[in-house]
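Visitor:
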Amino acid sequence: EAQVTQNPRYLITVTGKKLTVTCSQNMNHEYMSWYRQDPGLGLRQIYYSMNVEVTDKGDVPEGYKVSRKEKRNFPLILESPSPNQTSLYFCASSFRLAGDRAGANVLTFGAGSRLTVL
Amino acid sequence: GNSVTQMEGPVTLSEEAFLTINCTYTATGYPSLFWYVQYPGEGLQLLLKATKADDKGSNKGFEATYRKETTSFHLEKGSVQVSDSAVYFCALSPIYGSSNTGKLIFGQGTTLQVKP
Chain A
1 EAQVTQNPRY
11 LITVTGKKLT
21 VTCSQNMNHE
31 YMSWYRQDPG
41 LGLRQIYYSM
51 NVEVTDKGDV
61 PEGYKVSRKE
71 KRNFPLILES
81 PSPNQTSLYF
91 CASSFRLAGD
101 RAGANVLTFG
111 AGSRLTVL
Chain B
119 GNSVTQMEGP
129 VTLSEEAFLT
139 INCTYTATGY
149 PSLFWYVQYP
159 GEGLQLLLKA
169 TKADDKGSNK
179 GFEATYRKET
189 TSFHLEKGSV
199 QVSDSAVYFC
209 ALSPIYGSSN
219 TGKLIFGQGT
229 TLQVKP
């Protein structure tokens, strides 16, 4: 089954304790991205990656890191989590189709990771 | 800049009622427009899309028409079901010249509750 898999789905942690949320896709997608979802704000992009070893900041990158060493994996790293990073996080992926700008943006989302930082 | 504004929720309807969820956008050029749906406990799924003015996207009885003159992409369904209860997100894909970063700009989401 084609899917984006995130882990963990739920996590409660404390301020300053490093954590990683993993994301893996089995569709051979070039493009991957992380979003956070907060009430009243919709989804905001944190980081994205166009392909292996190519990453760039989204709209709210502060406090986060990413890496793209393999095509299928795109982990989100919180080096020193703070309470304002309490949120619902989504990983997403898609193909990048030359000449089809909409096709490049039909994202497949993971089920989400709910993170609470105390 | 680019932005998407959706009507405030929650929207509560009885089964078989007519649904409209308003969405307006601000963008440069001709963005692509999307509606995504999020069922409880799940990630977002594409519901429908439109890539140019006057295009109508449709799926599962839902429709939305890309109106450039009013910068709108309102979601409609003629007869909702309890199973349509979910959060609906309007989104746009900005066009940055010849590049495509793949980013979507989302509205804040509208919760729909359908009662039997």
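If you read the protein sequences in the order shown, they are chains A and B. Position one of the first sequence corresponds to residue 1 (my numbering), numbered consecutively onward. Position one of the second sequence corresponds to residue 119 (my numbering), numbered consecutively onward. Using N, Cα and C, we set each Cβ at its ideal position, and we do this for glycine too.
Can you give me the Cβ contacts of B/Y143 inside the same chain, cut-off strictly under 6 Å, excluding the 5 residues immediately before and after it?
Guide: V122, T189, L210
Visitor: Of the residues that make up the segment 73–86 of chain A, which ones have a beta carbon closer than 9 Å to any beta carbon in chain B?
Guide: none
Visitor: Report the rounded CA-to-CA distance for B/G127 versus B/T138, giving the unit in angstroms.
Guide: 12 Å
Visitor: Counting only beta-carbon separations shorter than 8 Å, does B/K221 have a partner in chain A?
Guide: Taking 8 Å as the CB threshold, B/K221 lines the interface with chain A.
Visitor: Would you mind reading off the limits of the beta strand (DSSP E) that contains B/Y157?
Guide: For B/Y157, no beta strand (DSSP E) run applies, since DSSP gives it neither H nor E.
Visitor: Who are the neighbours of B/Q226 on chain A, taking C-beta pairs under 7 Å?
Guide: Within chain A, the residues near B/Q226 are G40, L41, G42.
Visitor: DSSP three-state label for B/Q199, please.
Guide: coil
Visitor: What residues are listed by DSSP as bridge partners for B/T95?
Guide: Residue numbering for chain B in the displayed model covers 119 to 234; residue 95 of chain B lies beyond these limits and cannot be assessed.
Visitor: Is any beta-carbon of chain A found at less than 8 Å from that of B/K167?
Guide: yes
Visitor: In angstroms, rounded to a whole number, what distance separates the CA positions of B/D202 and A/L107?
Guide: 21 Å
Visitor: Could you confirm whether any beta carbon from chain B is found closer than 8 Å to the beta carbon of A/Y48?
Guide: yes
Visitor: Shortest alpha-carbon distance to A/G42 belongs to which of B/Y154, B/L165, B/G159?
Guide: B/Y154
Visitor: Does the separation of the CB atoms of B/L162 and B/F180 fall below 8 Å?
Guide: no
Visitor: Checking contacts by CB at 8 Å: is B/F207 closer than that to chain A?
Guide: yes
Visitor: Please report whether the beta-carbon of B/L164 lies at a distance below 8 Å from any beta-carbon of chain A.
Guide: Contacts with chain A at 8 Å (Cβ-Cβ) include B/L164.
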